[in-house]
Amino acid sequence: MTHEASIVELAAWLQTPAGRYLLAWEQAQLDAAVVDVFGFHALQLGLPELQGLRANRMPQRWLALDEGRALGAPPLRHEGAALMCEFEALPFDSASLDLVLLPHTLEFAADPHQCLREVERVLRPEGRLVILGINPASSWGLRQNLGRLVARLPGVGSDLYLPRAGDFLGYWRLRDWLRLLNLEVETARFGAYAPPLRSEKWLQRWNWLEGLGQRWWPVLGASYFLVAVKRVHGMRLVGLSRQRARIRQARAAVALHQHHKQ
6 MTHEASIVEL
16 AAWLQTPAGR
26 YLLAWEQAQL
36 DAAVVDVFGF
46 HALQLGLPEL
56 QGLRANRMPQ
66 RWLALDEGRA
76 LGAPPLRHEG
86 AALMCEFEAL
96 PFDSASLDLV
106 LLPHTLEFAA
116 DPHQCLREVE
126 RVLRPEGRLV
136 ILGINPASSW
146 GLRQNLGRLV
156 ARLPGVGSDL
166 YLPRAGDFLG
176 YWRLRDWLRL
186 LNLEVETARF
196 GAYAPPLRSE
206 KWLQRWNWLE
216 GLGQRWWPVL
226 GASYFLVAVK
236 RVHGMRLVGL
246 SRQRARIRQA
256 RAAVALHQHH
266 KQ
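Each residue of the sequence shown is one higher than the last, beginning at 6 in the numbering used here.
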């Protein structure tokens, strides 16, 4: 399957009951995470089905789409200007963006490593990166792996639950990638604990698992959500030294004032 076809397949899957169930949880996480992220420039890479930047108040917000969306999927309304580009070669200056969203972007990227390196390049120091992904250790991921094994048997057709082209990255594997790029995970959570069912009615009936899953088996949700911060060596030390210098100056001014009063 070509990269363009995989994007089209993902867009179609997101219209299924399972896709809508997943999007509902992910949209809530994004709205809560980006509302208080301040700056001037924000970018979402792909998946316009999620309005990732609608709760953010930065003056410049872009939705970047790739060839797959342009060729096969219908255009969707989005809060922010849309642009076409390659996710592995972003048309932005280094250290120019305050916030970047990757909603399932790495799973369907032609080169996820290069995509992540490009994101690190364009993020300014202390900028935020938000990533959403399918958890391969969840019941959904296990159901997908079982479907792939069964499909290899002679005379058996494919019965996959998730889009077949997705390369679903494990949460801990992704953390290792981020650490190598000096991207420090600040927040992480899992959600969508319903079993891999196809009926909207039955997915809703299992909605009570959300609270239970968060408490008892938090890392087994179908989707993971994380926020990472770009750290630059020395940035914290410089800021701390400036803060200490201001405190010393304030103390000296108070001491001088008291000396004159005496």
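Positions of the beta carbon are idealized from the N, C-alpha and C atoms, including for glycine. All figures in this text were calculated on a predicted structure; none of them were measured in a lab.
Leaving out the 5 sequence neighbours to the left and right, which residues in its chain are closer than 6 Å to V201 when beta-carbon positions are compared?
For this step, residue 201 is matched to residue 196 along the sequence shown. Inspection of the sequence shows that residue 201 is occupied by Pro rather than by Val. Contacts found: S144, W145, R148, Y166.
> Is DSSP giving F173 helix, strand or coil here?
Replying inline: Residue mapping note: residue 173 aligns to position 168 of the sequence shown, counting from 1. F173: coil per DSSP, three-state reduction.
**Same chain only: Cβ atoms within 8 Å of R122, ignoring 5 sequence neighbours per side** = On the sequence shown, position 117 is the one that residue 122 refers to. These residues qualify, in order along the chain: L186.
Item to complete: Compute the distance between the beta-carbons of N150 and Y229, then report whether it is under 9 Å.
Response: Residue 150 sits at position 145 when you count from the first residue of the sequence shown. Residue 229 sits at position 224 when you count from the first residue of the sequence shown. No.
With a 10 Å radius around its C-beta and 16 neighbouring C-beta atoms as the bar for buried, classify E191 as buried or exposed.
By 1-based counting over the sequence shown, the position of residue 191 is 186. Burial call: exposed.
Under the three-state DSSP convention, the category Q65 falls into:
For this step, residue 65 is matched to residue 60 along the sequence shown. If DSSP states are grouped into helix, strand and coil, Q65 belongs with the strands.
**OP:** In the DSSP assignment, find the beta strand (DSSP E) that holds G132 and state where it starts and stops.
**Re:** Residue 132 sits at position 127 when you count from the first residue of the sequence shown. DSSP places G132 in the uninterrupted beta strand (DSSP E) bounded by 128-139.
message = Suppose contacts are defined by Cβ-Cβ distances below 9 Å. Is L52 in contact with H118 by that definition?
response = The residue you call residue 52 lines up with position 47 of the sequence shown. The residue you call residue 118 lines up with position 113 of the sequence shown. The answer is no: Cβ separation not under 9 Å.
Is the Cβ-Cβ distance between L35 and Q56 less than 9 Å? For the purposes of this step, residue 35 is taken as the residue at position 30 of the sequence shown. For the purposes of this step, residue 56 is taken as the residue at position 51 of the sequence shown. Yes, Cβ-Cβ distance for L35 and Q56 is below 9 Å.
Check: Going by DSSP, which residues form a beta bridge with Q56?
Finding: One-based indexing of the sequence shown puts residue 56 at position 51. DSSP output for Q56 lists no bridge partner at all.
Exercise. With a 10 Å radius around its C-beta and 16 neighbouring C-beta atoms as the bar for buried, classify L102 as buried or exposed.
Key: As a first step, residue 102 must be located in the sequence shown, where it is residue number 97. Buried.
Counting C-beta neighbours from all protein chains within 10 Å, is the total for N61 16 or more, i.e. buried, or is it exposed?
For the purposes of this step, residue 61 is taken as the residue at position 56 of the sequence shown. Result: buried.
Can you tell me the Cα-Cα spacing of V39 and L58, whole angstroms? Translated into positions along the sequence shown, residue 39 becomes position 34. Translated into positions along the sequence shown, residue 58 becomes position 53. Cα-Cα distance, rounded: 7 Å.
Who are the Cβ neighbours of V224 in its own chain at under 8 Å, not counting the five residues just before and after it?
Position 219 of the sequence shown, counted from the first residue, corresponds to residue 224. Spatial neighbours of V224 in its own chain (CB-CB distance under 8 Å, excluding positions within 5 residues in sequence) are listed in chain order as N140, A142, Y176, F195.
Quick one: what's got a C-beta closer than 6 Å to L107's C-beta in the same chain, skipping five residues either side? On the sequence shown, position 102 is the one that residue 107 refers to. Around L107: L50, I136.
I need the straight-line Cα distance from W18 to I12, nearest angstrom please.
Residue mapping note: residue 18 aligns to position 13 of the sequence shown, counting from 1. Residue mapping note: residue 12 aligns to position 7 of the sequence shown, counting from 1. Computed Cα separation, rounded: 10 Å.
Considering only DSSP beta bridges, list what H46 is partnered with. Here residue 46 refers to the residue found at position 41 of the sequence shown. Paired residue(s): Q65.
**Item:** Where F45 falls, given that 16 or more other Cβ within 10 Å makes a residue buried
**Value:** As a position in the sequence shown, residue 45 is number 40, starting the count at 1. With fewer than 16 other Cβ atoms within 10 Å, it is exposed.
*Can you tell me which of the three DSSP states A38 falls into?*
Numbered from 1 along the sequence shown, position 33 holds the residue referred to as residue 38. Here A38 sits in helix by DSSP.
**Message:** If you follow the alpha helix (DSSP H) that T192 is in, where does it begin and where does it stop?
**Reply:** Taking the sequence shown and counting its residues from 1, the one referred to as residue 192 is at position 187. Not the alpha helix (DSSP H): T192 falls in the beta strand (DSSP E), residues 188-196.
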